[in-house]
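**Student:** Encoded as structure tokens, here's the structure I'll be asking about.
Chains as they are written, first to last, in my numbering: chain A, 1 to 538; chain B, 539 to 792.
This is the structure we're talking about:
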């Protein structure tokens, strides 16, 4: 069965590479007659092709986990271990769900008068979309730290065009902020990476291959001071990219202004990919540190700061619901870092599981938000008074229920998945506060802040969602120019209630798994995560 | 165009000739690169900034070439004493100049032509006054230099180049954060990237070829893709607001 593991590690990213080539290829030709026009390919086939690519990749990712036997696949280009496989699953599963949603979102945008011109060319959107996912997967499987940084930079450069795909003032501003911060971040990360070569006693032996760095000869001891400086540089870079405080300012803007499928990818998987990169560097650097506690403390402080900073923005009245969700991503990345900083295998286990659960839940929320906007925007045209705000349940009860359940899952209520990990992290933080038979005050303060932040966030988000679902908060003119043309208003009929459509399919799958994982993760996940923790030497 | 190529070619040949004879040209080039970074920070005209940035990028290319072409290289080449490491750096310099420098230098005038309505001579609004900018960047540069020169971990030659590179990055970040104009912010990012090239090139100067080539890939990716992203974003922004003033793009609050 070894060959299954080997081939699976290639077949996860290969379909995306193929898709990028196909979509770029279809764009070739002169403006009047591109290849796609000449081949007379209907738009629906492009959507289906995109869904099948991500579906296949997700399927291979699951097969890879099922046949996982604990081997590390390494050659001169790729390095695939338990950590990579786990994060591959996060990327591919979320991407599959988002691909299904993209179809309805793009179709809707094409129907809008003001957006039609920008969204007509779906080949470019899908080329960038698949390129973005491909680069994220490659970050997780490459065997060289420089190439990892390059792939990370490519994630920025593909997603920046997706963020500003609507080309309006706000989305361009968000994209500008995103590229300014993240490009600088990657400069720091790359310098930090290169500095590792200076830590070698003999520069001729210096290497940045992950295989070589994780299996260095016993007589090669890297200089811990240089490694420490390198780690600071790398940390600045990837913390910015992971959207953590205090370098998080790109995150709320980009998440809020991007199209819904892109927001789901940014929040669900890009932040986790940056977290993966930090763990990978941690894995390499750890053996050379004299004292590892300063790194854990730093993770803890960054996590706690992100948690606390997110609170007022989530409680505060926000015009844009996606913005609240974006601040919630900051909060959850804070939780993940807080758990990593606790420095125990149980907490890291919870952090890795939380990454997956948060990715699924956040994808559900952004997809549901996108579907609601589509549904509401269509139905407002049929209303007597299109400008009047209305509760979400009056537009589509199913999406209303999904948002309610997703919101509850996101704030960490039982029986949903996030509750289990947040609870586990809390338990671990409390046990750390009473280590060695005495109270450890800084940890007690940190744990208290963690609990208070979670309580406030619970209250804040629940309040927003309640207003949205049964109150009058929904505004179909919310963002990105989905304004309803009042001349088209049909004053004769009330809107029809819609329940199930194909668009609801990803939402149902996501909520099903979020609910199932609330009772505990699958056994196969446990094996992978345990191996990942062993690799990280926690 | 032909005269420009001729002028630059003569300059390069002259510099290479001096470089092969002496090491002082390296110090001179370092000085020029630092000066260009400081001019970018201090001046108040977009056109000057772009020109200075172009000169800086060109000088970095020449700097790499000079560093690679150590004195006595010709004799060593004849005797076959040049190791692979040095050859890989020659290749690196060649590719850097070819891809990063030329693409950037050629593209700027096109960008300016595209965004023709910008008054390139107009004064930029600085968020921070010139004197404060100077004091702040001066203090930070000194602190940075002191910190890095005290560190025992870097080799003698690499230390000074690394400090130079980090200073250029720092100045790039300052150019970006102290200006109220998208164009100069873009130059700030690209200036910081120039700092990355300097730091990276000298950090990897003594290491294995494998690292060198991968850094070359990183440089080309960063140089090409960042530039294209900025190019298109400036174009989009220009369609929305002709002045490209940051104030028109300050609606979001982070």
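Glycine included, C-beta positions come from ideal geometry on N, C-alpha and C. No experiment lies behind these values; they were computed from the predicted model shown.
1) Tell me whether the region 252-269 of chain A and the region 158-173 of chain A touch, counting them as touching only if at least three CB pairs, one residue from each stretch, are closer than 8 Å.
2) For my contact list, residue 98(A) and residue 363(A) are in at a C-beta cut-off of 8 Å; report their separation, rounded to the angstrom.
3) Nearest to residue 431(A) by alpha carbon, out of 515(A), 505(A), 292(A) and 339(A)?
4) Where does residue 136(A) land, buried or exposed, given buried means 16+ other C-beta within 10 angstroms?
5) Report all residues from its chain with a CB closer than 6 Å to the CB of residue 50(A); omit the five preceding and five following residues, and keep chain order.
6) Can you tell which of 120(A), 65(A) and 526(A) has its C-alpha closest to the C-alpha of residue 603(A)?
7) Can you tell which of 269(A), 62(A), 235(A) and 368(A) has its C-alpha closest to the C-alpha of residue 511(A)?
8) Please report the distance separating the alpha-carbon of residue 234(A) from that of residue 191(A).
9) Which partner residues of residue 142(A) appear in the DSSP bridge assignment?
10) Given a threshold of 16 other Cβ atoms within 10 Å of its Cβ, counted over all protein chains shown, does residue 189(A) qualify as buried or as exposed?
11) Report yes or no: is there a C-beta of chain B within less than 8 Å of the C-beta of residue 176(A)?
12) Assuming residue 581(A) and residue 429(A) make a contact with CB atoms under 8 Å, what is their CB distance in whole Å?
13) Using the beta-carbon count (16 or more within 10 Å), is residue 111(A) buried or exposed?
14) Assuming contact is defined by CB atoms lying nearer than 8 Å, are residue 140(A) and residue 226(A) in contact in what I supplied?
15) Looking only at C-alpha atoms, which of 452(A), 15(A) and 116(A) sits nearest to residue 309(A)?
16) For residue 253(A), name the three-state secondary structure that DSSP assigns.
17) For the region 248-281 of chain A, list every residue whose C-beta sits within 9 Å of some C-beta in chain B, in sequence order.
18) Using a C-beta cutoff of 8 Å, does residue 774(B) count as contacting chain A?
19) May I ask which residues mark the beginning and end of the alpha helix (DSSP H) holding residue 58(A)?
20) Between residue 361(A) and residue 406(A), is the Cβ-Cβ spacing less than 8 Å?
21) Could you tell me which of 9(A), 60(A), 411(A) and 373(A) sits nearest to residue 394(A), measuring between CA atoms?
22) Taking beta-carbon pairs under 7 Å, can you tell me which members of the region 162-173 of chain A lie near chain B?
23) Hey, would you say residue 4(A) sits closer than 8 Å to residue 92(A), going by beta carbons?
24) Less than 8 Å separating the beta-carbons of residue 184(A) and residue 730(B)?
25) Check for me: the alpha helix (DSSP H) holding residue 180(A) runs from which residue to which?
26) Which partner residues of residue 209(A) appear in the DSSP bridge assignment?
27) I want to verify the contact list: residues of chain A whose CB lies under 8 Å from the CB of residue 606(B), in sequence order.
28) Residue 748(B) versus chain A: which residues are under 9 Å apart at the beta carbon?
29) Tell me the rounded alpha-carbon separation between residue 354(A) and residue 676(B).
30) On the DSSP letters alone, give me the boundaries of the alpha helix (DSSP H) that residue 117(A) sits inside.
31) Rounding to the nearest angstrom, what Cα-Cα distance links residue 519(A) and residue 344(A) in this structure?
32) Short check: CB of residue 576(B) to CB of residue 709(B), under 8 Å?
33) Considering only their Cβ atoms, is the gap separating residue 179(A) from residue 771(B) smaller than 8 Å?
34) Counting beta carbon pairs with one atom in the region 206-214 of chain A and one in the region 294-303 of chain A, are three or more of them shorter than 8 Å?
35) Can a CB atom of chain A be found closer than 8 Å to the CB of residue 738(B)?
36) Per DSSP, residue 73(A) forms a beta bridge with which residues?
**Tutor:** Quick answer:
1) Contact between the region 252-269 of chain A and the region 158-173 of chain A is present, because at least three Cβ pairs lie under 8 Å.
2) If you number the first chain from 1, residue 98(A) lands on position 98. If you number the first chain from 1, residue 363(A) lands on position 363. Confirmed, Cβ separation roughly 6 Å.
3) Locating residue 431(A) in the first chain gives position 431, where the first residue counts as 1. When only C-alpha atoms are compared, the closest one is 339(A).
4) Position 136 of the first chain, counting from 1, holds the residue named residue 136(A). Residue 136(A) is buried by the Cβ-count criterion.
5) Indexing the first chain from 1 puts residue 50(A) at position 50. Excluding residues within five positions, the ones whose Cβ falls inside 6 Å are 99 and 126.
6) Nothing about residue 603(A) can be reported from this structure: the residues present for chain A run from 1 to 538 only.
7) Numbered from its first residue, the first chain carries residue 511(A) at position 511. The candidate whose alpha carbon is nearest that of residue 511(A) is 368(A).
8) Walking along the first chain from the start, residue 234(A) turns up at place 234. Walking along the first chain from the start, residue 191(A) turns up at place 191. Taking the straight line joining both Cα atoms gives about 8 Å.
9) As a working mapping, residue 142(A) is identified with position 142 in the first chain. 78(A).
10) To locate residue 189(A), count along the first chain from 1; it is residue 189. By the neighbour-count rule (16 or more Cβ atoms within 10 Å), residue 189(A) is buried.
11) Taking the first residue of the first chain as 1, we reach residue 176(A) at position 176. Interface residue (Cβ-Cβ distance to chain B less than 8 Å): residue 176(A) is classified as such.
12) No answer is possible for residue 581(A): it lies beyond the span of chain A, which begins at 1 and ends at 538.
13) Position 111 of the first chain, counted from the first residue, corresponds to residue 111(A). Flag for residue 111(A) reads exposed.
14) Looking up residue 140(A) in the first chain gives position 140. Looking up residue 226(A) in the first chain gives position 226. Their beta carbons are not under 8 Å apart, which means residue 140(A) does not touch residue 226(A) by this criterion.
15) The residue you call residue 309(A) lines up with position 309 of the first chain. Ranking 452(A), 15(A) and 116(A) by Cα distance to residue 309(A) puts 452(A) first.
16) For the purposes of this step, residue 253(A) is identified with residue 253 of the first chain, where counting begins at 1. In this structure, residue 253(A) counts as helix in the three-state DSSP scheme.
17) Listed in sequence order: 248, 249, 250, 251, 252, 253, 256 and 257.
18) The sequence position of residue 774(B) within the second chain is 236, counting from 1. Interface residue, yes.
19) Taking the first residue of the first chain as position 1, residue 58(A) is located at position 58. DSSP places residue 58(A) inside the alpha helix (DSSP H), whose first and last residues are 43-66.
20) Here residue 361(A) refers to the residue found at position 361 when the first chain is read from its first residue. Here residue 406(A) refers to the residue found at position 406 when the first chain is read from its first residue. Between residue 361(A) and residue 406(A), the C-beta gap is smaller than 8 Å, which places the two residues in contact.
21) Taking the first chain and counting its residues from 1, one reaches residue 394(A) at position 394. Of all alpha-carbon atoms in 9(A), 60(A), 411(A) and 373(A), the one lying nearest the alpha-carbon of residue 394(A) is that of 373(A).
22) Residues are counted here when their Cβ sits less than 7 Å from a Cβ of chain B; for the region 162-173 of chain A these are 164, 167, 169, 170, 172 and 173, given in chain order.
23) Numbered from its first residue, the first chain carries residue 4(A) at position 4. Numbered from its first residue, the first chain carries residue 92(A) at position 92. Not a contact, by the Cβ cut-off of 8 Å.
24) Taking the first residue of the first chain as 1, we reach residue 184(A) at position 184. Taking the first residue of the second chain as 1, we reach residue 730(B) at position 192. Yes, these two residues count as a Cβ contact at 8 Å.
25) On the first chain, position 180 is the one that residue 180(A) refers to. Bounds of the alpha helix (DSSP H) holding residue 180(A) are 169-195.
26) Translated into positions along the first chain, residue 209(A) becomes position 209. Paired residue(s): 144(A).
27) Stepping through the second chain from its first residue, residue 606(B) is reached at position 68. Neighbours of residue 606(B) on chain A: none; closest Cβ ~17 Å, over 8 Å.
28) Position 210 of the second chain holds residue 748(B). Scanning chain A for C-beta atoms nearer than 9 Å to the C-beta of residue 748(B) yields 144, 207, 208 and 209, reported in chain order.
29) Here residue 354(A) is taken as the residue at index 354 of the first chain, counted from 1. Here residue 676(B) is taken as the residue at index 138 of the second chain, counted from 1. Approximately 45 Å between the Cα atoms of the pair.
30) One-based indexing of the first chain puts residue 117(A) at position 117. Run containing residue 117(A): 116-119, per the alpha helix (DSSP H) assignment.
31) For the purposes of this step, residue 519(A) is identified with residue 519 of the first chain, where counting begins at 1. For the purposes of this step, residue 344(A) is identified with residue 344 of the first chain, where counting begins at 1. Going by the C-alpha atoms only, they are around 23 Å apart.
32) Against the second chain, residue 576(B) aligns to sequence position 38. Against the second chain, residue 709(B) aligns to sequence position 171. Judged by beta-carbon spacing, residue 709(B) lies within the 8 Å limit of residue 576(B), meaning their Cβ atoms are closer than that value.
33) Locating residue 771(B) in the second chain gives position 233, where the first residue counts as 1. Locating residue 179(A) in the first chain gives position 179, where the first residue counts as 1. Yes, the Cβ-Cβ distance between residue 771(B) and residue 179(A) is below 8 Å.
34) In short, these stretches do not touch, since the Cβ pair count stays below three.
35) The residue you call residue 738(B) lines up with position 200 of the second chain. Yes - at least one Cβ of chain A is within 8 Å of the one on residue 738(B).
36) As a position in the first chain, residue 73(A) is number 73, starting the count at 1. When beta bridges are read from the DSSP output, residue 73(A) appears opposite 80(A).
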